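First up is the structure itself, then whatever we jot down about it.
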Ligand SMILES: NC(=O)c1ccc[n+]([C@@H]2O[C@H](COP(=O)([O-])OP(=O)(O)OC[C@H]3O[C@@H](n4cnc5c(N)ncnc54)[C@H](O)[C@@H]3O)[C@@H](O)[C@H]2O)c1
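In full-length UniProt numbering, the protein residues as written are 1 to 329.
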């Protein structure tokens, strides 16, 4: 089977490609990625000579590129997106262009080419925000996105849904909680904290650090997406998460502890506008119906992630230097 992965040079896409090539011996992968600031071909340097891997540098917004990339393809797993909430506040239009219009072009091309399977990788952020004791997001929770990022993801989810209902398009949607692990761009919370501490810099925490996120190791997300690709039903949504809720301040404390630093490194900064308070995922559907479960404990996964960033300074330092204007640094 030839699998088209979009956005395969990003954090989750590159982990997914490595995961699939390691575990499955008869799958070939074509990776379509435009290499935005968040895309890094270095993430996949270990497989550059692999006969089962092909890289196409191009955008999901270009009809000819997408048409060519889908030739001979048996399934699409769609990761390509603008993914950073803070950037969607300072420059939102590209989020609509990539996440909505790009996804629409992929759907339309896949429909015309009769591609038999399409997994759309979405996010729990489309559900909006929960109260501290307000239950969990299920697949039935109404969509209520609050940032331009989550609104663009929700819009793309609605297009996938409409293609299933209108055209019987074989699309399935996954909605995952926050990911952490190796190869995550150092603008996101966990790698930002680890790399700042390695540089002996302070670590910025929004507001009072009380916002709650539900963290899942990226390789667990990848195994869940692959399970959905194999066994998920067309037209369905599957939530993915590990029942692992943490306040941002407790994550910061845990990373400080793992790195042998004290709390004087914490710097509270002005909160993000419209900051969602809590995300938490009910993943009982994918666990019960498809038999998926996470393999990592947070304790092991976080310690391993700290070790990975310590060992891979040559990977993250140039990315951080090129993007030194980030608001959160
Ligand atoms: N990171 C998380 O915690 C998380 C959680 C749930 C869902 N998701 C979703 O998973 C997907 C991947 O997230 P990520 O964290 O790996 O993102 P990322 O920002 O690390 O990677 C995105 C990739 O998409 C590529 N890309 C962007 N625009 C493109 C375009 N027009 N054409 C082709 N490629 C393009 C980039 O070059 C990059 O390689 C996204 O759709 C995101 O919404 C992420």
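C-beta: ideal position from N, C-alpha, C; glycine also. Since the structure is predicted, the reported quantities are computational estimates derived from the model, not experimental observations.
Checklist entry - Beta carbon of residue 8: closer than 8 angstroms to some heavy atom of ligand 1? => result yes
Item to check | Member of 99, 106 and 105 whose CA lies at the smallest distance from the CA of residue 123 | outcome: 99
Item to check | Where residue 60 falls: helix, strand or coil (DSSP) | outcome: coil
Checklist entry - Between the beta-carbon of residue 296 and the beta-carbon of residue 219, is there less than 9 angstroms? => result yes
Checklist entry - At which residue ranges does the segment 72–136 contain complete alpha helix (DSSP H) runs of 4 or more residues, listed in the order of the chain? => result 85–90 and 103–112
Item to check | Proximity test, residue 188 beta-carbon vs ligand 1 heavy atom, cut-off 8 angstroms | outcome: yes
Item to check | Alpha-carbon spacing of residue 194 relative to residue 42, whole angstroms | outcome: 20 angstroms
Item to check | Distance between residue 135 and residue 71 (C-alpha atoms, nearest Å) | outcome: 44 angstroms
Checklist entry - Residues bridged to residue 28 by DSSP? => result 2
Item to check | Proximal residues to residue 120 (C-beta, below 8 angstroms), its chain only, five neighbours per side dropped | outcome: 78, 103, 156, 157, 160, 171, 172, 173 and 174
Next on the checklist: On the DSSP bridge list, what partners appear for residue 204?
Outcome noted: 267
Checklist entry - Can residue 118 be considered in contact with ligand 1, in the sense that its beta carbon sits closer than 8 angstroms to one or more heavy atoms? => result no
Checklist entry - Is residue 272 helix, strand or coil by DSSP? => result coil
Next on the checklist: Just to confirm my understanding: we take residue 298, look at its own chain, exclude 5 residues before and 5 after, and list those with CB closer than 7 angstroms. What are they?
Outcome noted: 215 and 244
Next on the checklist: Here's the rule I'm using: 16 or more other beta-carbon atoms within 10 Å means buried, otherwise exposed. How should residue 275 be labelled?
Outcome noted: exposed
Item to check | Inter-residue spacing [alpha-carbon to alpha-carbon] between residue 328 and residue 113 | outcome: Low local confidence applies: a pLDDT of 46 at residue 328 is under 50, so the model's placement there is unreliable, with the coordinate-based value given in what follows. Using only the alpha carbons, I get a separation of about 43 angstroms.
Checklist entry - From the DSSP output, which residues share a beta bridge with residue 278? => result 130 and 212
Checklist entry - Tell me which same chain residues have a C-beta within less than 8 angstroms of the C-beta of residue 14, skipping the five on either side of it? => result 8, 40, 43, 44 and 183
Checklist entry - For the candidate residues 179, 292 and 306, whose alpha-carbon lies nearest to that of residue 226? => result 292
Checklist entry - Expressed to the nearest angstrom, what Euclidean distance is found between the alpha-carbon atoms of residue 4 and residue 263? => result 45 angstroms
Next on the checklist: By the three-class DSSP mapping on this structure, what secondary structure does residue 262 have?
Outcome noted: coil
Checklist entry - Which one of 257, 319, 284 and 271 has the shortest CA to CA distance from residue 89? => result 271
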